[in-house]
Amino acid sequence: MFEGLEQLPQDPILQLMQMYRDDSRPGKVDLGIGVYKDDAGNTPIMASVHEAERRLLEGETTKSYVGPAGSAGFNEAMARLILGDNNSLIRDGRTSVIQTPGGCGALRMAAEFFHLCQPDTTVWVSTPTWANHMPLLGGAGLNIREYAYLDRETLTVDFPAMLESLESARAGDVVLLHGCCHNPSGADLTADQWQAITQLIQRKGLLPFVDMAYQGLGEGLDPDAAGLRYLASQVPEMVVAASCSKNFGLYRERTGALMLISETRAINTAATSQLLSVVRSHYSMPPAHGAAIVETILDDDALRAGWQHELGSMCERILGLRHAFADALAPAGNFGFIARQRGMFSFLGITPDQVRQLREEHGIYMLESSRVNVAGLNAQVLPGVAQAINSVL
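Have a look at this one:
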């Protein structure tokens, strides 16, 4: 069965990770892998997570299955985190949340659910978008189309082109939007643009599908969700894929959530039953540990306050690095867009040859597209990285 299989090329991000590990130079800098790092270059476990785990280990009495939907407490807490406390959609029973194996699991289960509802579903994704969106959605048999998003000259959102692209979408098509901290560009929609895209979605009868992977790392928990919440308040149906990898630092625990918003409570109940049948036919039950950590934090006032303080400090640090990086690159050109963008990622707008030169001559690792993880910088390495980039340009 296996003898005819050909070896596939390594994933570019994983290949870059391996190249970085194999590099013995002491001054090497990793700006490629998309994880948060502190000033010491580490990806720490948050203090609130440590405390939640301690409580769980002391009080846990079973390792039994949690069921296809996962923990009801986690699901309820995630609904409030995404939509805000006392949201009428939650009160009216128009929402449901299931726990998933990471944000990837949420994206794939949504894709499988769309295929169940309508096998020839078309999903529109931004150009560019997170690379894994394509295999996660296309692998479920969905049709993928792209809408214009980033102006490659200014590295800002080309909103007129975005609207023009989506005019080609047909009723029933799905539009994938990044809730905040657009990956890979860092260029987010403004409040006015969220309102305009909502109007287009309503007028054309499209289904909004929001990927919320970085809530709290752009401008704060509530500001980062403002566009999503406005959209949810205006449309009859919506789907949200959420991840706890970045804002709780639970990368390896694979903790995510998938939310359905339906026009009525009855429709939501029926839709959720179908979604759970999809889950049952794939991984059956989600992992429990990461979700239990999140539930413990969000349901305890003191732990939640501590977590929000830690998350706020991470957000402020990223914003500070953006401004410092833009200033340090000023001799090489106008990089002010870096300071105006949000989240962990930005494109530098340099060529693949310049990216390779930075890697080979200076030990600075980034994706060939010139996407950098701003959170991989710190006060010690930033001047040297900026100097190297300035010299290459």
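Take the sequence shown: its position 106, counting from 1, is numbered 106 in UniProt numbering, and each next residue is one higher.
The beta-carbon is built from N, C-alpha and C at its ideal position, and this holds for glycine as well.
Remember, predicted model here, so these are calculated numbers, not experimental data.
Return helix, strand or coil for Phe-74, following the three-state DSSP convention. Along the sequence shown, one-based indexing puts residue 74 at 74. Of the three classes helix, strand and coil, the one that applies to Phe-74 here is helix, per DSSP.
C-beta contact flag for Arg-254 and Pro-101 at 8 Å: Taking the sequence shown and counting its residues from 1, the one referred to as residue 254 is at position 254. Taking the sequence shown and counting its residues from 1, the one referred to as residue 101 is at position 101. Contact: yes.
Just verifying my parser: in three-state terms, what is the DSSP assignment at Phe-114? Here residue 114 refers to the residue found at position 114 of the sequence shown. Helix at Phe-114.
Along the beta strand (DSSP E) that carries Gln-99, what are the first and last residues, could you check? Reading the sequence shown from its first residue, position 99 is the one you call residue 99. Looking at the DSSP string, the run of the beta strand (DSSP E) that includes Gln-99 is 95-101.
Between Val-392, Leu-329, Ala-161, Ala-225, which lies nearest to Cys-181 when the distance is taken from Cα to Cα? Mapped onto the sequence shown, residue 181 falls at position 181. With distances taken between Cα atoms, Cys-181 lies closest to Ala-225.
Does DSSP put Arg-108 in a helix, in a strand, or in coil? The residue given as residue 108 occupies position 108 in the sequence shown. Looking at Arg-108 - three-state DSSP - the assignment turns out to be helix.
Taking the continuous alpha helix (DSSP H) assigned at Asp-192, which residues delimit it? If you number the sequence shown from 1, residue 192 lands on position 192. 191-204 is the span of the alpha helix (DSSP H), which, as asked, contains Asp-192.
Let me know the secondary structure DSSP gives Ile-82 once reduced to three states. Along the sequence shown, one-based indexing puts residue 82 at 82. Looking at Ile-82 - three-state DSSP - the assignment turns out to be helix.
Chain-order list of residues whose beta-carbon lies under 7 Å from that of residue 395 (same chain, five-residue window excluded): There is simply no residue 395 to check, as the chain begins at 1 and stops at 393 in what is shown.
Residue nearest to Gly-138 in terms of C-alpha spacing, selected from Tyr-149, Leu-150, Thr-122: Translated into positions along the sequence shown, residue 138 becomes position 138. Cα-wise, what sits closest to Gly-138 is Thr-122.
Inter-residue spacing [alpha-carbon to alpha-carbon] between Val-239 and Gln-274: Here the question's residue 239 lines up with position 239 in the sequence shown. Here the question's residue 274 lines up with position 274 in the sequence shown. Those two C-alpha atoms are separated by around 14 Å.
If I measure Cβ to Cβ from Asp-39 and keep anything under 7 Å in the same chain, skipping five residues before and after, which residues do I get? Taking the sequence shown and counting its residues from 1, one reaches residue 39 at position 39. These residues qualify, in order along the chain: Asn-378, Ala-379.
Stretch-stretch touch, CB-based, cutoff 8 Å, three pairs: the stretch 28-37 with the stretch 264-273: no
Inter-stretch contact (C-beta, 8 Å, three-pair minimum) for the stretch 197-213 and the stretch 348-362: no
Mapping the DSSP letters down to three states, classify Leu-207 as helix, strand or coil. Counting from one through the sequence shown, the residue named residue 207 turns up at place 207. In the structure shown, Leu-207 sits in a strand (DSSP, three-state: E or B).
Going straight from the alpha carbon of Asp-11 to that of Ser-369, what length do you get? Residue 11 sits at position 11 when you count from the first residue of the sequence shown. Residue 369 sits at position 369 when you count from the first residue of the sequence shown. Straight-line Cα distance between these residues: approximately 14 Å.
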